[in-house]
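Visitor: The structure that follows is given in the form of C-alpha cells.
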Amino acid sequence: MYRKETPKQESIPLDLCAEPSSKSALDTWTNDGGSPVGGQIGGHGSIQRSGEISKNMADAMNRQIQQEQSNAHAYHALSLYFREQNLHGLERFMSRQAEEECSHADKFIGHLSDRKGRVELLAIHAPRTDFNSPLDAAKHTMQLEISTSQMIHRLYDHACNDRDYPLQVLLHWFITEQVEEERWSDELVSLIERFNDHPAQLLTLDHLWAGRAKT
Ligand SMILES: [Fe+2]
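With our numbering applied, the sequence shown corresponds to residues 129 to 343, in that order.
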C-alpha cells in the first residue's frame with residue numbers, strides 16, 4: 129500500500145542570539161553577510177548596542193563639554209564685571225547665561241554617558257576678567273558665542289562623517305540654540321555701541337536687559 133511520507137519539519141532555533149550555523153541564515157541576520165547588524169557579538173555573548181559611541185566621537189564630545197564649562201566660567205566673570213560697574217541687569221543676565229552653559233555641558237554629559245562613552249572632565253582655563261568698558265565685555269560675549277557655534281558646527285561635521293545619527297539629532301538643538309545666542313550677543317554689542325557715551329541710556333538698557341534673563 130502506498131503511504132504518503134510526512135515531510136520533515138525544519139527546526140527553528142529559539143535562541144536568536146545563537147551563532148547561525150549556515151551562510152544563508154547569516155545572510156538574513158546581517159546586512160552584508162559579515163558583521164551582525166547593529167554591532168558585534170563578543171566571545172562571551174555580550175551584545176554591543178548600535179547606539180554606542182565611537183572613541184573618536186567621545187573625545188570630540190569631551191572637548192565640547194570643556195568648551196561649555198569654560199563658557200560658564202567666562203559668563204561668571206562677565207557677571208562679576210557688570211556687578212562692579214553697577215549694571216545689575218547685565219550682571220543678572222550673565223549669571224543666567226552661566227547657568228545655561230552648565231546645562232549645555234550637562235546635556236552633552238548625559239548623552240555621552242547614555243551611550244557608554246567615557247566622560248572626561250577636562251581642565252578649564254581661567255576666564256578673562258579685565259574689560260576696558262561694557263562695550264569691550266559685550267564684544268567678548270559675542271566672540272565666545274561665535275567660537276562656540278564654530279565648534280558645534282565642526283562637531284556636527286564630525287558626527288556626519290562618523291555616521292553618528294544620535295549625536296546629529298542632539299546637535300540640531302545646539303545649532304538652533306547658537307543662532308539665538310549669536311543674535312542676542314550681536315544685539316547687545318550694537319545697543320551698547322549706541323549708548324556707550326550716554327550713561328543714562330546705558331542704565332535704561334541695563335534695566336531692560338534684566339528682563340531678557342531666561343527664567
Ligand atoms: Fe553653550
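We treat Cβ as the ideally placed atom computed from N, Cα and C, and that holds for glycine.
Taking the alpha carbon of alanine 205 as the point to measure from, which residue in Asp258, His286, Leu319 has its own alpha carbon closest?
Guide: Reading the sequence shown from its first residue, position 77 is the one you call residue 205. Alanine 205 has its Cα closest to that of Asp258, out of Asp258, His286, Leu319.
Visitor: Specify the secondary structure class of tryptophan 337 as computed by DSSP and reduced to three states.
Guide: Within the sequence shown, residue 337 is the residue found at index 209, counting from 1. Three-state DSSP puts tryptophan 337 in a helix.
Visitor: Among Ser313, Leu330, Arg246, whose alpha-carbon lies nearest the alpha-carbon of glutamate 180?
Guide: Within the sequence shown, residue 180 is the residue found at index 52, counting from 1. Checking every option, the nearest Cα to that of glutamate 180 belongs to Arg246.
Visitor: Determine the DSSP secondary structure at isoleucine 181, reduced to helix, strand or coil.
Guide: Taking the sequence shown and counting its residues from 1, one reaches residue 181 at position 53. Coil.
Visitor: Since histidine 253 and serine 198 should fall inside the 8 Å C-beta cutoff, what is the C-beta to C-beta distance between them, to a whole number of angstroms?
Guide: Start at 1 with the first residue of the sequence shown, and residue 253 comes out as number 125. Start at 1 with the first residue of the sequence shown, and residue 198 comes out as number 70. Between serine 198 and histidine 253 the Cβ distance is about 7 Å, and since that is below 8 Å, they are a contact.
Visitor: As a quick check of your reading: which residues have a C-beta less than 6 Å from at least one non-hydrogen atom of ligand 1, in chain order?
Guide: Qualifying residues come out as Glu196, Asn199, Glu229, His232, Thr276.
Visitor: Only counting the same chain, and skipping five residues up and downstream in sequence, which positions put a Cβ closer than 7 Å to that of histidine 335?
Guide: The sequence position of residue 335 within the sequence shown is 207, counting from 1. So the qualifying residues of the chain are Gly217.
Visitor: For the alpha helix (DSSP H) holding valine 297, just list the boundary residues, first then last.
Guide: Within the sequence shown, residue 297 is the residue found at index 169, counting from 1. That run of the alpha helix (DSSP H) goes 293–323.
Visitor: Round the Cβ separation of methionine 189 and phenylalanine 236 to the nearest angstrom and send it over; I've been treating them as touching at under 8 Å.
Guide: The residue given as residue 189 occupies position 61 in the sequence shown. The residue given as residue 236 occupies position 108 in the sequence shown. Yes, they are in contact, since the Cβ atoms of methionine 189 and phenylalanine 236 sit about 6 Å apart, within 8 Å.
Visitor: Run the CB neighbour count on histidine 268, radius 10 Å, all protein chains shown included, and call it buried at 16 or more, exposed below.
Guide: Here residue 268 corresponds to residue number 140 of the sequence shown, with the count starting at 1. Buried, because 16 or more other Cβ atoms sit within 10 Å of the Cβ of histidine 268.
Visitor: Please classify isoleucine 280: does DSSP put it in a helix, a strand, or coil?
Guide: Here residue 280 corresponds to residue number 152 of the sequence shown, with the count starting at 1. Correct three-state label for isoleucine 280: helix.
Visitor: Between alanine 251 and glutamate 227, what straight-line distance do the alpha-carbon atoms span, to the nearest angstrom?
Guide: By 1-based counting over the sequence shown, the position of residue 251 is 123. By 1-based counting over the sequence shown, the position of residue 227 is 99. Their backbone Cα atoms lie some 19 Å apart in a straight line.
Visitor: Tell me whether glutamate 229 is buried or exposed, calling it buried when 16 or more other Cβ atoms sit within 10 Å of its Cβ.
Guide: In the sequence shown, the residue the question calls residue 229 occupies position 101. Counting Cβ neighbours within 10 Å, glutamate 229 comes out buried, since at least 16 surround it.
Visitor: State buried or exposed for threonine 276, treating a residue as buried only when at least 16 other CB atoms are found within 10 Å of its CB.
Guide: Mapped onto the sequence shown, residue 276 falls at position 148. Classification of threonine 276: buried, given that the 10 Å Cβ count is 16 or more.
Visitor: Tell me the rounded alpha-carbon separation between phenylalanine 323 and isoleucine 274.
Guide: Numbered from 1 along the sequence shown, position 195 holds the residue referred to as residue 323. Numbered from 1 along the sequence shown, position 146 holds the residue referred to as residue 274. Going from the Cα of phenylalanine 323 to the Cα of isoleucine 274 covers about 23 Å.
Visitor: Hey, which unbroken runs of the beta strand (DSSP E) at 3 residues or more fall wholly within the region 198–259?
Guide: Here no run is fully enclosed.
Visitor: Hey, serine 182 and aspartate 285 are a contact pair by Cβ (cut 8 Å); roughly how many whole angstroms apart?
Guide: Your numbering for residue 182 matches position 54 in the sequence shown. Your numbering for residue 285 matches position 157 in the sequence shown. Not really, about 15 Å apart at Cβ, beyond 8 Å.
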